[in-house]
Ligand SMILES: *Cc1c(COP(=O)(O)O)cnc(C)c1O
Ligand code: SF4
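Numbering (this note's numbering), first residue to last: 65 to 506.
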């Protein structure tokens, strides 16, 4: 794993907006600063040997409330938590670190744990791999008819890592698990051959860790293709490094690139990942959102519902209200996916639904653009619409917002109520039915 951000990026300049990455090497010092005792510090390092860890000076100095650590939500968002590993795995990694086992031994143990944590959920490596002229298009995923995801190779890192990240295998030392491409020509050839694809979503990692010059190599060719109507850029930089849009050496170049997408007659959506309203408090974030909006881009926001970080309705009310005030559009509230430390961060669907509903009921219609709670599951994006009683049976009411099979979109279906279920695969069809819907296999 590279410690500096994208080699071609070098985007940071002095002043308050000076970027400093903090990595595993800094973890013990940071945990000491939080006043954590030695055994807890060792546990953090044990977890960081399995899952990726990276944070930065901005997150540490501006976002985390150190007086509230370890309960602080932003601390939990970026620092390893002992519970992310199950007891036996944690004990094993702690033992290896305490005994100063050779790096290869630690790496092998970490690898075995990772392989047991469903690193590529929902069949994404096989089911979502598009082909062009008989060959797989590397670094591209297509699950839905109208949208492809592109994973630019230099964008496969983030300014900090989220503990609950569902893309965690992109950031650990497991090359076979990584999805990435540098081959823009094949992506554009694929788009020309598949004109029904209207949306291209650049993702990662975080594409804006790339310099504006490198990002433009992925974006500009899309503007030559008539059938591409929307470009989306998935990013958490508004939260983890807002100076990217304000003070980095090429911040203006990045915004000019956004402008070129808009003036080409396309929708540019900056899909911002914002987990907690605290992330919107610093003045520089507001400036960043304003600058992005001034280019004509739309800022849309999404985040998962995470235990111990944002699992209260009031947090979402504040988040959606604040986003709306700033002119951003609440988009999805996700359910934590069935990968990595899901067992630790997951909120049961029933509780998640109540949190969503309570929050949704307390915001203006302008913020009710948000959909959720949504599971990005194997057949598609499944929304939990409610909990109801039908003929004396308690059921979840669900529908697919997006589906591999467009014929299934928007059709309500029912699952037997289960207060402990955290994922679609935990659910059974209601009313003794054999299937949720004809053709819907989970
Ligand atoms: C969520 C998602 C999309 C985009 O879906 P929209 O509903 O259009 O936002 C595209 N591809 C994959 C694989 C997704 O998970
Ligand atoms: S910003 Fe997104 S890709 Fe990066 S660590 Fe967080 S969840 Fe993962």
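Cβ coordinates follow ideal geometry from the N, Cα and C atoms, glycine included.
Model, not experiment: these values are computed from the prediction.
Classification of residue i by the beta-carbon crowding that lies within 10 angstroms, buried from 16 upward
{"i": "residue 492", "result": "exposed"}
{"i": "residue 314", "result": "buried"}
{"i": "residue 489", "result": "exposed"}
{"i": "residue 409", "result": "buried"}
{"i": "residue 400", "result": "buried"}
{"i": "residue 495", "result": "exposed"}
{"i": "residue 337", "result": "buried"}
{"i": "residue 487", "result": "buried"}
{"i": "residue 431", "result": "buried"}
{"i": "residue 180", "result": "exposed"}
{"i": "residue 199", "result": "exposed"}
{"i": "residue 301", "result": "buried"}
{"i": "residue 327", "result": "exposed"}
{"i": "residue 131", "result": "exposed"}
{"i": "residue 389", "result": "exposed"}
{"i": "residue 136", "result": "buried"}
{"i": "residue 455", "result": "exposed"}
{"i": "residue 397", "result": "buried"}
{"i": "residue 366", "result": "buried"}
{"i": "residue 123", "result": "buried"}
{"i": "residue 509", "result": "Because residue 509 is not part of the residues shown, which for the chain are 65 to 506, the question remains open."}
{"i": "residue 303", "result": "buried"}
{"i": "residue 423", "result": "buried"}
Sequence-distant residues of the same chain with beta carbon closer than 6 Å to residue i, five excluded per side
{"i": "residue 104", "result": "none"}
{"i": "residue 111", "result": "144, 148 and 149"}
{"i": "residue 383", "result": "341"}
{"i": "residue 473", "result": "464 and 467"}
{"i": "residue 185", "result": "401, 402 and 403"}
{"i": "residue 174", "result": "113 and 114"}
{"i": "residue 241", "result": "183 and 233"}
{"i": "residue 213", "result": "205, 265 and 267"}
{"i": "residue 296", "result": "265, 333 and 335"}
{"i": "residue 477", "result": "462, 500 and 501"}
Bridge-paired residues (DSSP) for residue i
{"i": "residue 457", "result": "454"}
{"i": "residue 365", "result": "336 and 394"}
{"i": "residue 479", "result": "460 and 493"}
{"i": "residue 92", "result": "Answer is none; residue 92 lacks a bridge partner."}
{"i": "residue 299", "result": "336"}
{"i": "residue 473", "result": "464"}
{"i": "residue 448", "result": "462"}
{"i": "residue 331", "result": "294"}
{"i": "residue 119", "result": "86"}
{"i": "residue 438", "result": "398 and 447"}
Same chain, Cβ closer than 7 Å to residue i, five either side skipped, listed in chain order
{"i": "residue 259", "result": "291"}
{"i": "residue 107", "result": "146, 154 and 158"}
{"i": "residue 195", "result": "201"}
{"i": "residue 126", "result": "346"}
{"i": "residue 253", "result": "196"}
{"i": "residue 188", "result": "205"}
Residue i (DSSP reduced to helix, strand or coil)
{"i": "residue 498", "result": "coil"}
{"i": "residue 275", "result": "coil"}
{"i": "residue 443", "result": "coil"}
{"i": "residue 82", "result": "coil"}
{"i": "residue 341", "result": "helix"}
{"i": "residue 66", "result": "Unreliable placement is indicated for residue 66, whose pLDDT of 34 sits below 50; no coordinate value is reported for it."}
{"i": "residue 468", "result": "coil"}
{"i": "residue 71", "result": "For residue 71, the predicted structure reports a pLDDT of 32, less than 50, and the residue's modelled location is therefore unreliable. The matter cannot be settled from this model."}
{"i": "residue 310", "result": "coil"}
{"i": "residue 133", "result": "coil"}
{"i": "residue 100", "result": "coil"}
{"i": "residue 505", "result": "coil"}
{"i": "residue 315", "result": "helix"}
{"i": "residue 163", "result": "coil"}
{"i": "residue 169", "result": "helix"}
{"i": "residue 346", "result": "coil"}
{"i": "residue 111", "result": "helix"}
{"i": "residue 147", "result": "helix"}
{"i": "residue 425", "result": "coil"}
{"i": "residue 351", "result": "helix"}
Residues of its chain near residue i, where Cβ-Cβ distance is below 8 Å and the 5 sequence neighbours each way are ignored
{"i": "residue 217", "result": "203, 244, 245 and 246"}
{"i": "residue 235", "result": "65, 116, 118, 220, 221, 222, 225, 229 and 269"}
{"i": "residue 536", "result": "Any answer about residue 536 is impossible in this case: the structure gives the chain only from 65 up to 506."}
{"i": "residue 262", "result": "210, 211, 291, 292, 293 and 294"}
{"i": "residue 227", "result": "115, 140, 141, 142, 143, 144, 145, 148, 405 and 409"}
{"i": "residue 393", "result": "362, 363, 364, 365, 387 and 433"}
Note to self: Quick check on the DSSP output: what are the complete alpha helix (DSSP H) runs of length 4 or more inside the stretch 369 to 418, in order along the chain?
What the structure shows: 377 to 389 and 406 to 409
Checklist line | Whole alpha helix (DSSP H) elements within the stretch 240 to 295, 4-residue minimum | finding: 248 to 257 and 276 to 283
Checklist line | Any beta strand (DSSP E) of 3 or more consecutive residues that is wholly inside the stretch 178 to 251 | finding: 204 to 208 and 211 to 214
Item checked: By C-beta, the residues closer than 5 Å to any heavy atom of ligand 4, given in chain order -> No copy of ligand 4 occurs in the structure displayed; its ligands are ligand 1 and ligand 2 alone.
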